[in-house]
Amino acid sequence: MMATLPTRARAQRLAVALAVVLLGAGFVLWPVPAWAHAELVATTPAGGAVLAASPDQVLLQFSEPVTVGLGEIRLLDGSGTAVATESPGRQLDDPTTIVVGVPGPLASGVYTVAWQALSADTHPIEGAFAFTVGDGGPTAAPLVVGGGSGRAAADVVYLVARWSGFAALALLCGAALFMAWLWPAGARYRRVRRMLWGGWVALVGSTMLSLLCYAASARGVGLDAAMDADLLRRTLQTKAGTVLAARLAVVGLLAPALAVLVRWARTGEPRGRRLAVAGVLIADTALAATWSTATHGSVGADAWLAVSMDVVHLVAMTVWFGGLAMLAGALLPARDVTALRTAVPAFSRIALGCVGLLVLTGLYAGWRQVRSVSALGGTTYGHLLLAKAGLVVLLVVFGAVARSWVRRHFSAERVDPAAHGAKRGPDAEQIFRFRRQTVAETAVAIAVLGLSSILVATEPAAPALAAGQAASTGRSSPSESAPPTGPVPFRAGTVSGSVLLEVQPARVGRAVLHLSVLDGAGRPLDVPEARVALALAEPPVGPMPVDLGSGRLGHYAALVTLPLPGRWDFAVTVRTSDVDQTVVHVPVQVGAASP
1 MMATLPTRAR
11 AQRLAVALAV
21 VLLGAGFVLW
31 PVPAWAHAEL
41 VATTPAGGAV
51 LAASPDQVLL
61 QFSEPVTVGL
71 GEIRLLDGSG
81 TAVATESPGR
91 QLDDPTTIVV
101 GVPGPLASGV
111 YTVAWQALSA
121 DTHPIEGAFA
131 FTVGDGGPTA
141 APLVVGGGSG
151 RAAADVVYLV
161 ARWSGFAALA
171 LLCGAALFMA
181 WLWPAGARYR
191 RVRRMLWGGW
201 VALVGSTMLS
211 LLCYAASARG
221 VGLDAAMDAD
231 LLRRTLQTKA
241 GTVLAARLAV
251 VGLLAPALAV
261 LVRWARTGEP
271 RGRRLAVAGV
281 LIADTALAAT
291 WSTATHGSVG
301 ADAWLAVSMD
311 VVHLVAMTVW
321 FGGLAMLAGA
331 LLPARDVTAL
341 RTAVPAFSRI
351 ALGCVGLLVL
361 TGLYAGWRQV
371 RSVSALGGTT
381 YGHLLLAKAG
391 LVVLLVVFGA
401 VARSWVRRHF
411 SAERVDPAAH
421 GAKRGPDAEQ
431 IFRFRRQTVA
441 ETAVAIAVLG
451 LSSILVATEP
461 AAPALAAGQA
471 ASTGRSSPSE
481 SAPPTGPVPF
491 RAGTVSGSVL
501 LEVQPARVGR
511 AVLHLSVLDG
521 AGRPLDVPEA
531 RVALALAEPP
541 VGPMPVDLGS
551 GRLGHYAALV
561 TLPLPGRWDF
571 AVTVRTSDVD
581 QTVVHVPVQV
591 GAASP
């Protein structure tokens, strides 16, 4: 037996390592479409357009299906007054379009369209664009997109609710599975029952908090809106609201099931164990599906496969992390030698299987959302994913140390009474040290859950790198330094150079934007792509993308509409190769319109 255990362990580790290598190679070499939040790809009227006559409707075209849901489409005139419009609808039932009818003719002036919508993956998106009717007239209205500190508070509370939900899922289902499969006698301990019911209560609370705060976060308003009955009704009509309500219903049904499970475990009746384990796994899968059907993986090609893989990922996470919590918080403190001898080695094997599933499904998700190694280092999503991967590696190291400890203290030869005349195993001091290590491992697992809750709301790396960096950073505050009087340097990959941006005239209204991309010697540099998005920090306006068209010899020119005076931030994205790009921020002071 002593010779068999290490051999089997080496074979298991080799299989996991081989799977990681093969999937890692596929992750790098096999390009696939990456799916992100919906993006506005076209509008009618176009941003910056000058119309001879008033439009009878405003049309927004997105890259994937969207719903107005908790959002809204506002048309503001130059005084900041909302222009009456019809309710948002569809064009020919196309789920990627939103159409807003304009019932009456618009007077001459600059108009701002501020829009908020929900992506198919339930994440809120927003933006703005301006157009001019007639000869211009009054300037566009101040546009506030988002709710400042109120929105920040709602976002933070919603993030905490998501993290609490993951932790509660692991605590409830993982601990219940540990008890049903490995330690039914644990139901006799009060701390085990508290852990189970605490997980249930936490899952109910986190789900209700998510349901209340989702609308405030999506609308960009303060937390006081969380108790708005109309917003709650509208939330329940969205995809996110539907899955949260379904989760709450499943959790409610689990209350009597959990009571039955605890009662069965306390009787010590061995019959029914398989049924109990199957029931916990089914409940765990059903709950995991309420997360997976409202994430990045739920949209795009092969969404069914991505959702299935995400469900497996979550179930493996709950089994591993919840089991760790039960081990550190209940079994080891109980010092039940008989249970330790059977449960600890068994959980060690289960945890190894969970690690394999987490690696396989995690690599698939990264392969689908990141698509290239370069995106890992150049986007927020990539940084978070790398941080999560690093913590998982640390957990694997903890697990390897734990498995070694288990083999030393719970192998058949160590505990076989026939071999030594008495049952041997770890003493109290050794168990204490092992528990301390398990507590540390659990703390790392909690950090992994925190990163997971942030990742599900972060723009995936591939689209962020390829098409969204300028837009995603365009709302950041411009530099406090004086506007540059010459080229602004940049470096993308191995290419160094500078950009020269001019706006003529730099005042409210129509203007011409000139952008020149130069090499290190100041000569024109022809690059694969250049993009510009402008934003105003106070009041918050934009980001507003600029259509540069096709440049020639590193020079681009475009007409832009500047709706407000102030210090504007022009975010210039320069792509020098398929994988190398950078963003340069150029502040431009825009004056008031000419009298």
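When you line the sequence shown up against UniProt numbering, it's residues 1 to 595, in that order.
Note that CB positions come from ideal geometry on N, CA and C, so glycine has one too.
In terms of Cβ geometry, Ser496 and Gly520 form a close pair [threshold 8 angstroms]. Spatial neighbours of Pro88 in its own chain (CB-CB distance under 6 angstroms, excluding positions within 5 residues in sequence) are listed in chain order as Val68, Ile73, Ile98 and Val100. Just so you know, the alpha carbons of Leu513 and Val503 end up roughly 5 angstroms apart. Taking the Cα of Val396 as reference, the smallest distance to any Cα among Ser348, Arg435, Tyr189 and Ala530 is reached at Ser348.
In terms of Cβ geometry, Leu534 and Phe490 do not form a close pair [threshold 8 angstroms].
Here DSSP, grouped into helix, strand and coil, assigns Trp367 to helix.
The beta carbons of Ala175 and Ala303 sit no closer together than 8 angstroms. In this structure, the straight-line span from the alpha carbon of Ala168 to that of Gly252 is close to 14 angstroms. In the three-state reduction of the DSSP assignment, Pro333 falls in the helix class. Apart from sequence neighbours up to five positions away, the residues of its chain that approach Arg188 with a beta-carbon distance below 6 angstroms are Arg266, ordered along the chain. Gly329 is classed as buried because its beta carbon has at least 16 other beta carbons within 10 Å across all chains shown. A direct Cα-Cα distance of roughly 14 angstroms separates Met227 from Ala218.
Collapsing the DSSP output to three states places Thr582 in a strand.
With 16 or more neighbouring CB atoms inside 10 Å of its own CB, Arg368 falls in the buried class.
Leaving aside the five residues that flank Ala180 on each side, the residues in its chain whose CB is nearer than 6 angstroms to its CB run, in chain order, Ala276, Val277 and Val280. Less than 8 angstroms divides the Cβ of Ala511 from the Cβ of Val560. Residue environment: Thr494 is assigned as exposed (fewer than 16 neighbouring CB atoms within 10 Å of its CB, all protein chains considered). With contacts defined by Cβ atoms closer than 8 angstroms, Ser453 and Leu159 form a contacting pair. Taken through DSSP and simplified to helix, strand or coil, Glu39 comes out as coil.
Residue Pro105 holds the alpha-carbon nearest to the alpha-carbon of Asp77 among Pro105, Val262 and Thr379. Shortest Cα-Cα distance from Trp320 to any of Met309, Gly353 and Arg341 involves Gly353. In this structure, Val110 lies away from Val58, with their beta-carbon atoms at least 8 angstroms apart. Setting aside the 5 residues that flank it on each side, Gly362 is surrounded in the same chain by His313, each with a C-beta closer than 7 angstroms to its C-beta; the list follows chain order. If you look at Val66, you'll find it isn't in any alpha helix (DSSP H); it sits in the beta strand (DSSP E) that goes Val66 to Leu76. Judged by their CB atoms, Thr295 and Asp310 are nearer to each other than the 8 angstroms cut-off. In the DSSP assignment, Gln504 forms a beta bridge with Val512. DSSP links Asp569 through a beta bridge to Ala535 and Pro587.
Rounded to the nearest whole angstrom, the C-alpha separation of Val574 and Leu548 is 12 angstroms. Residue range Ala303 to Met326 is occupied by the alpha helix (DSSP H) that includes His313. One Cα belongs to Ala283, the other to Leu177, and the distance between them is close to 10 angstroms. Counting only residues of its own chain and dropping the five nearest sequence neighbours on each side, Ile446 has a CB closer than 7 angstroms to the CB of Ala167. For Leu331 and Ala216, the gap between their C-alpha atoms comes out near 41 angstroms.
Note: Ala128 is bridge-paired with Ala114 in the DSSP secondary-structure output. His383 sits in a helix when the DSSP states are folded into three classes. The Cβ neighbour count for Gln116, taken over all protein chains shown within 10 Å, is at least 16; the residue is labelled buried. Taking every protein chain shown into account, the CB of Val584 has 16 or more other CB atoms within 10 angstroms, so this residue is buried.
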